[in-house]
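Trainee:
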Amino acid sequence: MKTFYITTAIDYVNGSPHLGHAYEKVLTDVIARFRRLMGDQVYFLTGVDEHGQKVQQTARARGVDPQQFCDEISQEFRALCAKLDISNDDFIRTTEKRHKDVVAKILQQLFDQGLIYKAEYKGFYSTRQEQFLQEKDRNPDGTWPELFGEVTEITESNYFFKLRQYQDWLVDFLKTNENFVFPRYRQKQVLEFLSEPLNDLCISRPKERLEWGIELPFDRDYVTYVWFDALLNYYSAVAEKPGIWPADFHVIGKDILVPPHAVYWPIMLKAAGIEPPKSLLAHGWWSINGSKMSKSTGNFVDPVSFADQYGVDALRFFMIREMSVGQDSDFSIDQFLSRYNSNLANDLGNLVNRTLNMTNRFAGGVIPAADESTTGDEPETALRALWESTKPEVLSLCEGFQFHVALERTFAFIQGINRYAEQRAPWKLGKSTDAADQARLRTTLAYMAEALRLGTALLAAVMPSTVVKINGVLGHTAGADWQADLVWGDKLTGNKVAETAILFPRPQAAEKK
RNA sequence: GGGGCUAUAGCUCAAUGGUCAGAGCAGGGGACUCAUAAUCCCUUGGUUCUGGGUUCGAAUCCCAGUGGCCCUACCA
Numbered sequence: 085m086k087t088f089y090i091t092t093a094i095d096y097v098n099g100s101p102h103l104g105h106a107y108e109k110v111l112t113d114v115i116a117r118f119r120r121l122m123g124d125q126v127y128f129l130t131g132v133d134e135h136g137q138k139v140q141q142t143a144r145a146r147g148v149d150p151q152q153f154c155d156e157i158s159q160e161f162r163a164l165c166a167k168l169d170i171s172n173d174d175f176i177r178t179t180e181k182r183h184k185d186v187v188a189k190i191l192q193q194l195f196d197q198g199l200i201y202k203a204e205y206k207g208f209y210s211t212r213q214e215q216f217l218q219e220k221d222r223n224p225d226g227t228w229p230e231l232f233g234e235v236t237e238i239t240e241s242n243y244f245f246k247l248r249q250y251q252d253w254l255v256d257f258l259k260t261n262e263n264f265v266f267p268r269y270r271q272k273q274v275l276e277f278l279s280e281p282l283n284d285l286c287i288s289r290p291k292e293r294l295e296w297g298i299e300l301p302f303d304r305d306y307v308t309y310v311w312f313d314a315l316l317n318y319y320s321a322v323a324e325k326p327g328i329w330p331a332d333f334h335v336i337g338k339d340i341l342v343p344p345h346a347v348y349w350p351i352m353l354k355a356a357g358i359e360p361p362k363s364l365l366a367h368g369w370w371s372i373n374g375s376k377m378s379k380s381t382g383n384f385v386d387p388v389s390f391a392d393q394y395g396v397d398a399l400r401f402f403m404i405r406e407m408s409v410g411q412d413s414d415f416s417i418d419q420f421l422s423r424y425n426s427n428l429a430n431d432l433g434n435l436v437n438r439t440l441n442m443t444n445r446f447a448g449g450v451i452p453a454a455d456e457s458t459t460g461d462e463p464e465t466a467l468r469a470l471w472e473s474t475k476p477e478v479l480s481l482c483e484g485f486q487f488h489v490a491l492e493r494t495f496a497f498i499q500g501i502n503r504y505a506e507q508r509a510p511w512k513l514g515k516s517t518d519a520a521d522q523a524r525l526r527t528t529l530a531y532m533a534e535a536l537r538l539g540t541a542l543l544a545a546v547m548p549s550t551v552v553k554i555n556g557v558l559g560h561t562a563g564a565d566w567q568a569d570l571v572w573g574d575k576l577t578g579n580k581v582a583e584t585a586i587l588f589p590r591p592q593a594a595e596k597k
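Add 84 to the 1-based position in the first sequence for this note's numbering, that's all there is to it.
(1) Put Phe415 into one of helix, strand or coil per three-state DSSP.
(2) Determine the contact status of Asp431 and Gly368, defining contact as a CB-CB distance below 8 Å.
(3) Going by beta-carbon coordinates alone, are Pro548 and Asp173 separated by less than 8 Å?
(4) Cutting at 8 Å between CB atoms, please list the residues of its own chain near Cys165, excluding the five before and the five after it.
(5) CA-CA distance, Ile328 and Val255?
(6) Is Lys202 helix, strand or coil when you go by DSSP?
(7) Mind reading off the beta-carbon distance from Tyr306 to Lys325? Whole number of angstroms is fine, and I expect it under 8 Å.
(8) Would you check whether the ligand ADP has a heavy atom nearer than 7 Å to the C-beta of Gly131?
(9) In the DSSP output, what is Val97 paired with across the bridge?
(10) Nearest to Gln251 by CA position, among Tyr348, Lys189, Leu440, is which residue?
(11) Whose C-beta lies closer than 7 Å to the C-beta of Lys354 among residues of the same chain, with five residues either side of it excluded?
(12) With a CB to CB cut of under 6 Å and the five nearest residues on each side skipped, what residues in its chain are close to Ile157?
(13) Assuming Gln215 is part of the beta strand (DSSP E), what are its boundary residues?
(14) Nearest-angstrom Cα distance between Ser288 and Gln213?
(15) Short of 8 Å in beta carbon distance, which residues of its chain neighbour Val492, apart from the five on each side in sequence? Order them along the chain.
(16) Rounded to a whole number of angstroms, what is the C-alpha to C-alpha distance between Phe216 and Ser380?
(17) Check Arg248 in the structure and name its three-state DSSP category.
(18) Given a cut-off of 8 Å on the beta-carbon distance, is the pair Ala208 and Glu237 in contact?
(19) How do the segment 523–541 and the segment 555–571 stand: do at least 3 beta-carbon pairs fall below 8 Å, yes or no?
(20) Would DSSP call Glu134 helix, strand or coil?
(21) Does DSSP put Thr227 in a helix, in a strand, or in coil?
(22) When the distance is taken between beta carbons, is Val409 closer than 8 Å to Phe302?
(23) Check whether the segment 272–282 and the segment 175–192 touch, using three or more Cβ-Cβ pairs below 8 Å as the test.
(24) What would DSSP say about Tyr319, mapped onto helix, strand or coil?
(25) Roughly how far, in whole angstroms, is the beta-carbon of Trp511 from the beta-carbon of Met442, given that I think they are within contact range, below 8 Å?
(26) Should Ile498 be labelled buried (16 or more other beta-carbon atoms within 10 Å of its own) or exposed?
(27) Measuring only the C-alpha atoms, how far is Ala346 from Arg468?
(28) Could you check how far apart the C-beta atoms of Glu240 and Glu204 are, in whole angstroms? I think they sit under 8 Å.
(29) For the alpha helix (DSSP H) that Ile190 lies in, which residues bound it at each end?
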């Protein structure tokens, strides 16, 4: 079986993690967990991009060595993964030897193949910003904006990769592989970009203006342009591990689809004789309270402290429930609390608690067997029917990355369990001594618990620790075969349940502590 | 300037060109008491951004606007 290989983009360590980083990790994690649950063998890679000009500049500004700076920020990203319950199998840093070796090897190979050549680049250079400027950077009157400081036209020798040579191949590749980019409509953007002739890609920076990078193996006066370096992480991480490459999905932000991932990357691989990835998944961006994320204006959410305050699974749930994959979405505390209270605290958390409480009160804390004389009745058949329609729908939605709708359907099922409880009213049945009522009571408690187990199982990819907790209070441990567990049965019969469980305390109450 | 996406109820989203555009939340009314003031039932609410067009039929397809987001290669 070929491994399902999925990656996030590697995060640039120029700054600390924010909500966008958290989302990408959680989204990728949900896909990875879902594939594992479906029986695939999964390899999940994430990591950090540590070279380049901004890292060098920021490290200098702080008066620390770039490597030391990278060590510190990289640790924050590792901590983010741990905090968010990300199930990555590997974490790559582009300053690691395993990565640098692969980059050097591929550069040398492309150079030997004659696909890299030296040429002069002429342009307007801003010393203050340490970068070449584009025509679009100019003021309308032709002058350069103040932030660039002194701008001079200079000529610089650099190495170029023959990108253009592969343009026709790439267009053909994209037309043959219509599902290369998800969502599909984004592939149009790539093809539109390719309707103009590509320029060859400058893949070097002279050391006089940038030292913090991977040295070109064929010219030690230069370091590698950071995109060329960074993209190779997906391959370098698994170059020594057979059976993993090619990647099934690179999960990335929509901002880095064109040109790096959809143009540079497939061409780099093609040129090096390596199979291209199977697909790219481009997700949208979060705004915060309706406007762009910005640290300087304080419009910023720290995912780690947010998770500390409200719970990791609550944050994971919100991000996946709220965002339609590929589209943008807005993050606000009001919307978060609305989802938290209605779905997590009221629908699910309260259902867990009332199920436990009634089982304790009316059945001595042991989940009874459903009584066969009643399982053909309308409330029971309706609940089972709801499950039978919910399950395939949710699985199919998850296969298509429609996780936000899948969660909506899952919670509709959970609401169905609450509705079932109201119909049967076990608190009334419990007061009756009639044998038929006692039979209905046993069935009701059994059905509530079983339905809860099943509904919870559908949340396994999104809220892993919540699932363990709910199973725990039901005296249950999920089996190795998830799909086999998604079958209505009597797995819980005879289990001793916990006394009580407040899984999602109301935030107001939590704050009073 | 060029390109891609997007706009549906107060909010977040659904709706292979085909019944009266549907859900959840919020709002209003009622019921219930096992439960985290919870749950359940009923219910208000739409010029599908605007203007044209194609079609027997358009939220959906085409054209033009408007707002938002992103890209437009050497910052990543």
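Think of the CB as a built atom: it goes at the ideal place given N, C-alpha and C, for glycine as much as any other residue.
Mentor: Let me spell this out:
(1) strand
(2) no
(3) no
(4) Lys109, Thr130, Asn172, Phe175
(5) 26 Å
(6) strand
(7) About 30 Å separates the two Cβ atoms, so there is no contact after all.
(8) Absence of the ligand ADP from the depicted structure is noted, as is the absence of any ligand whatsoever, leaving it without description.
(9) Looking at the DSSP assignment, Val97 forms no beta bridge with any residue, so it has no partner.
(10) Tyr348
(11) Tyr250, Trp253, Pro360
(12) Val97
(13) 215–217
(14) 18 Å
(15) According to the sequence provided, residue 492 is Glu. The question's Val does not apply to it. Cβ neighbours of Glu492 beyond the five flanking positions: Arg405.
(16) 25 Å
(17) helix
(18) In the sequence as presented, Ala is not what sits at residue 208; that position holds Phe. In contact: Phe208 and Glu237 (Cβ atoms closer than 8 Å).
(19) yes
(20) coil
(21) coil
(22) no
(23) no
(24) helix
(25) 7 Å
(26) buried
(27) 45 Å
(28) 7 Å
(29) 181–196
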